[in-house]
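Position one of the sequence shown corresponds to residue 2 (my numbering), numbered consecutively onward.
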Amino acid sequence: MRTLFVGDLHLSAGRPDITQAFLTFLETQLVDTDALYILGDLFEVWVGDDIAEPFADQLADAIKLASQRLPVYFIHGNRDFLIGSSFAKRSGMTLLPEVYLLNLYGIDTVILHGDSLCTLDKPYQRFRAFRNFAWAKWLYAHLPKSKRLGIAAKLRSRSQSSNQQKSDSIMDVEPDAVIELLDSTKTQQMIHGHTHRPAIHQLAHGKRRIVVGDWYDQGSMLCVSQDNIELIELPFGK
């Protein structure tokens with residue numbers, strides 16, 4: 002048996018190839034699997050459960066079908082932090098807190114999306130703190146749909162422009178933040194996404210940090226079993 006982790010799919014109506022790849026993944030890759038964890042940024046943008054596009058409804062049906070065979074867990078990403086209980090229920094996903102601990106085949110593990118570890122990106126961390134306020138989420142959710150769509154489009158445009166000007170070190174996780182979280186949670190292993198830099202990093206004292214891959218050019222999954230850890234690419238169209 003094994004446990005699978007995916008993240009950073011950034012699904013959108015404009016990339017039907019990625020959507021189809023994920024649907025194929027759900028149909029073919031979940032055999033002999035204990036659980037599936039989606040570590041955020043399932044969608045390129047999510048402005049509310051009440052504005053789901055048709056392709057998202059199709060995905061909800063597919064995830065729901067998968068959830069009848071195994072547990073499907075979801076941690077919010079920076080692009081889809083507004084996914085709520087309505088869409089989660091329809092999809093059969095269990096929403097997890099942004100930092101979650103589990104014992105993964107005998108290894109104490111912390112999982113998260115990963116954006117909270119990019120502590121050198123001060124402007125983003127300020128925005129992240131603001132967006133996590135309950136009152137900010139409530140206010141946004143009660144805006145007209147057209148207003149929410151406009152705000153989301155502006156935020157995405159600003160993010161893309163800002164990221165082009167940031168150094169690699171700012172866009173990556175900060176090593177001290179990684180060690181601090183491992184120490185504070187008393188875990189030996191960390192699994193996250195967000196940076197789009199898939200790798201298995203061996204750290205001091207036998208600890209480990211694993212980064213899942215994005216789905217821009219191919220699918221990607223992290224497969225963890227009792228005896229093995231493997232990052233696997235899933236070419237589109239296969």
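Built from N, CA and C at the ideal position, the CB exists for glycine as well. Only a predicted model underlies this, so the values are computations on that prediction, with no experimental measurement involved.
Here DSSP, grouped into helix, strand and coil, assigns GLU175 to coil. Annotation for THR110: LEU102, LEU103, ASN104, THR188, GLN189, GLN190, MET191 and ILE192 place their beta carbon closer than 8 Å to its own, counting only its chain and skipping 5 residues before and after.
Residue state for PHE23 is assigned as helix, using DSSP reduced to three classes.
Between HIS197 and ASP215, the CB-CB gap stays under 7 Å.
If only complete runs of 3 or more residues are kept, the region 76-135 shows the beta strand (DSSP E) at 94-96, 100-105 and 108-113, in order along the chain. Between HIS11 and ASP42, the C-beta spacing is below 7 Å. For ARG209, the closest C-alpha among the options LEU235, LEU182 and GLY220 is that of LEU182. Under the DSSP assignment, SER13 falls outside any beta strand (DSSP E); it carries neither an H nor an E label. The criterion of a C-beta distance shorter than 7 Å is satisfied by MET222 and VAL7. For PHE6, the enclosing beta strand (DSSP E) stretches over residues 3-7.
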